[in-house]
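Chemist: Just so it is clear: in the sequence shown, position 322 is 1274 by our numbering, and no numbers are missing. For glycine and all other residues, C-beta sits at the position ideal for the given N, C-alpha and C.
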Amino acid sequence: MQIRGYHLVQPGESLTTIANTYGVPVEQLIKINRMENRPPVIGQQLIVPIASDLRQLEYKPVTAYTVDRPILVNGEDINTGLYPVLNFKPENAQYPYVYVPIAEFRRVGATVRWNDQQQLLTVESNYQELQSEVQQLQAENERLKELITINQPIVSRGNSSGNIANWGIAALQGDWVYFSNISQGYKLYKMRLDGTGKQLLASDRSLYINVVGDWIYYINQSDQAKMYKVRTDGTQKTRIDDQHSATVISVVGDWIYYVTQSEQYKLFKIKTDGTGKTQLGNDALVEEMYATEDWIFYTLQNQNLKIFKIKPDGTQRIQVTEYGARQLIIEGDWLYFVNQTMPGIWRVKWDGTDPTSFEAEYSNPNSLNVDNNMIYYGYSDLYKTPTDSPEQIKLTPVYGYGGLINIVGDWLYFRINYNGEKLYRMRVDGTAGEFVY
């Protein structure tokens, strides 16, 4: 509490006359000087508190009324209806001037203490500590977002284009891998990233696996290449369309984009619930295809496998390249492919500009995939090369390598021809090779 000064008790003075002289309550004078049940003594020095200041004097008489509106602190209404609105205006304040008891600071995590001996009120909070913790959590949240971006496809897409270009035999969602079990007739399985929890989901010969939400979409080669879906727990297996068979599918959100051999290999789309079937453009003999949110990229057999693109609504058909392409992969702002006109691994921008060729051990690899600024390819052996370097890195030799490189997290999944077809995986650095099943 602020102090006006000191008063020396004179003959004939009482606490009442002294209090009236300074305009302070008698009770306050008694309390601050610890004079309970004791009259003042002549010559005694008394502490006199401040009763008011000039700002208060300007507003006398002071009136008040209770608050009838919410008082939100950190989103919580702390108004009990008892807080006064005064006609006294603090500096830089705006009407109404609501005075909240300091004790209410406890409602927002502060500690309020009154030191009776020192006549001192303190309010303490861990605001700085909490701010530091919030900053740490925000940084961790950003790090996790980056990991999600690196380790799995965009949420609304069912699989990466690199995997779809290699029959889509594996797809990642969360910490589960959904895969085509090659050694078991390409049946649909799932397992955890660490290889545990293997479970059969469907006995169909399943290719071009896409996973969106809690549904898996695939081409069922056990049923005339019809499009199917099944829950991620293996229930509710459903044929999506009875009419069309498909050679490739790519799922984006609620739409399945596909090429159907039933209609001269033309490009179609259909809702994941089987409705809204629509032909996109008039091109026939579509070979490879992958859909993004903005464009569908595809190659045409009758155009020497040149790359084209079209909007998801079937408009704006545009030719992207003059040369043929195989193993078409969309990664970031680039299209990667094996060039059929000038053999080698190439890339161009989405609009066909900035063509670039990469040095590679094989000019015509049987499998190509791209992920996290690294190109993976193979013919009889597996190699990788950075997208910004000519370095060729040979991975651990695998006897019977058979192509179909799929990338799931930091694992490469591919086919092995050794005592029959099998699914094999190894780390992207070439270590920890093992048969999946």
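Going by Cα to Cα distance, which pick from 1064, 1083 and 1085 is closest to residue 1075?
Modeler: The shortest C-alpha separation from residue 1075 is found at 1064.
Chemist: Ignoring anything shorter than 3 residues, give me the beta strand (DSSP E) runs that lie fully in the region 1194-1261, in order along the chain.
Modeler: Entirely contained in the region 1194-1261, the beta strand (DSSP E) runs reaching 3 residues are, in chain order, 1200-1204, 1207-1212, 1218-1223, 1238-1243 and 1248-1252.
Chemist: Excluding the five sequence neighbours on either side, which residues of its own chain have a C-beta within less than 7 Å of the C-beta of residue 963, listed in chain order?
Modeler: Counting only Cβ-Cβ distances below 7 Å, and skipping sequence neighbours, we find 994.
Chemist: Could you name the residues of the same chain whose beta carbon sits closer than 6 Å to that of residue 1143, not counting the 5 residues immediately before and after it, in chain order?
Modeler: 1129, 1149 and 1150.
Chemist: Would you mind reading off the limits of the beta strand (DSSP E) that contains residue 1114?
Modeler: Run containing residue 1114: none in the beta strand (DSSP E); it sits in the alpha helix (DSSP H), 1113-1116.
Chemist: For residue 990, which residues in the same chain have their Cβ closer than 6 Å to its Cβ, ignoring the five residues on either side in sequence?
Modeler: If we look at residue 990 and ignore the five residues flanking it on each side, it has no Cβ neighbours.
Chemist: How should residue 1191 be labelled, buried or exposed, when 16 other C-beta atoms within 10 angstroms of its C-beta is the threshold for buried?
Modeler: So residue 1191 ends up on the exposed side.
Chemist: Tell me the rounded alpha-carbon separation between residue 1244 and residue 1109.
Modeler: Rounded to the nearest angstrom, the two C-alpha atoms are 7 Å apart.
Chemist: According to DSSP, residue 1359 sits in a beta bridge with which residue or residues?
Modeler: DSSP, once it has assigned bridges, lists 1364 as partnering residue 1359.
Chemist: In the DSSP assignment, the beta strand (DSSP E) including residue 1313 goes from what residue to what residue?
Modeler: Unbroken run through residue 1313: none, as it is neither H nor E.
Chemist: Can you give me the C-alpha to C-alpha distance between residue 1254 and residue 1213, rounded to a whole angstrom?
Modeler: The straight-line gap from Cα to Cα measures roughly 15 Å.
Chemist: In the DSSP assignment, find the alpha helix (DSSP H) that holds residue 971 and state where it starts and stops.
Modeler: 967-974 is the extent of the alpha helix (DSSP H) around residue 971.
Chemist: When you compare each of 1290, 970, 1277 and 1230 to residue 1315 by their alpha carbons, which one comes out closest?
Modeler: Residue 1315 has its Cα closest to that of 1290, out of 1290, 970, 1277 and 1230.
Chemist: Out of curiosity, what's the CA-to-CA distance linking residue 1309 and residue 1257?
Modeler: Rounded to whole angstroms, residue 1309 to residue 1257 spans 18 Å at the Cα level.
Chemist: Which one or two residues does DSSP pair with residue 1378 in a beta bridge?
Modeler: In DSSP, residue 1378 forms a bridge with 1364.
Chemist: State buried or exposed for residue 1178, treating a residue as buried only when at least 16 other CB atoms are found within 10 Å of its CB.
Modeler: When all chains shown are included, residue 1178 counts as buried.
Chemist: Of all the options 1385, 970 and 1363, which has the alpha carbon lying nearest to the alpha carbon of residue 1145?
Modeler: With distances taken between Cα atoms, residue 1145 lies closest to 1363.
Chemist: Below 8 Å, how does it come out for the region 1325-1338 and the region 1078-1091: are there three or more Cβ pairs, yes or no?
Modeler: Flag = no, the region 1325-1338 and the region 1078-1091 do not touch.
Chemist: Expressed to the nearest angstrom, what Euclidean distance is found between the alpha-carbon atoms of residue 1069 and residue 983?
Modeler: Near 10 Å, if we compare the C-alpha coordinates of residue 983 and residue 1069.
Chemist: Among 1360, 1081 and 1367, which has the Cα closest to the Cα of residue 1137?
Modeler: Ranking 1360, 1081 and 1367 by Cα distance to residue 1137 puts 1367 first.
Chemist: For residue 1126, is the classification buried or exposed, using 16 other Cβ atoms within 10 angstroms of its Cβ as the cut-off for buried?
Modeler: Counting Cβ neighbours within 10 Å, residue 1126 comes out exposed, since fewer than 16 surround it.
Chemist: Have a look at the DSSP bridge pairing and note the partners of residue 1091.
Modeler: In DSSP, residue 1091 forms no bridge with anything.
Chemist: Across which residues does DSSP place residue 1131 in a beta bridge pair?
Modeler: Answer by DSSP bridge pairing, in chain order: 1122 and 1141.
Chemist: Using the C-alpha atoms, what's the distance from residue 1171 back to residue 1198?
Modeler: Roughly 7 Å separates the two Cα atoms.
Chemist: Where do the ends of the alpha helix (DSSP H) carrying residue 981 lie?
Modeler: Start and end: 978-985.
Chemist: Rounded to the nearest angstrom, what separates residue 1265 and residue 1160 at their Cα positions?
Modeler: About 22 Å.
Chemist: Are the CB atoms of residue 1219 and residue 1237 within a distance shorter than 7 Å?
Modeler: Contact: no.
Chemist: Quick one: grab the DSSP three-state call for residue 1346.
Modeler: It is a strand residue.
Chemist: Based on the DSSP output, what are the partners of residue 961 in its beta bridges?
Modeler: According to DSSP, which records beta bridges pairwise, residue 961 is partnered with nothing at all.
Chemist: Figure out for me which residue from 1078, 1188, 1193 and 1200 has the closest Cα to the Cα of residue 1120.
Modeler: Of the listed residues, the one whose Cα sits closest to residue 1120 is 1200.
Chemist: What does the Cβ neighbour count give for residue 1271, buried or exposed, with the cut at 16 atoms within 10 Å?
Modeler: With fewer than 16 other Cβ atoms within 10 Å, it is exposed.
Chemist: Would you list the one or two residues that DSSP bridges to residue 1276?
Modeler: Answer is 1258.
Chemist: Relative to the C-alpha of residue 1382, which residue among 1231, 1336 and 976 is closest?
Modeler: Comparing Cα-Cα distances from residue 1382 to each of 1231, 1336 and 976, the minimum goes to 1336.
Chemist: Shortest alpha-carbon distance to residue 1081 belongs to which of 996, 1062, 1066 and 1071?
Modeler: Selected option, being the one with the closest Cα: 1062.
Chemist: For residue 1158, name the three-state secondary structure that DSSP assigns.
Modeler: Strand.
Chemist: Taking Cβ positions, are residue 1297 and residue 1113 nearer each other than 7 Å?
Modeler: Going by C-beta atoms, residue 1297 is not nearer than 7 Å to residue 1113.
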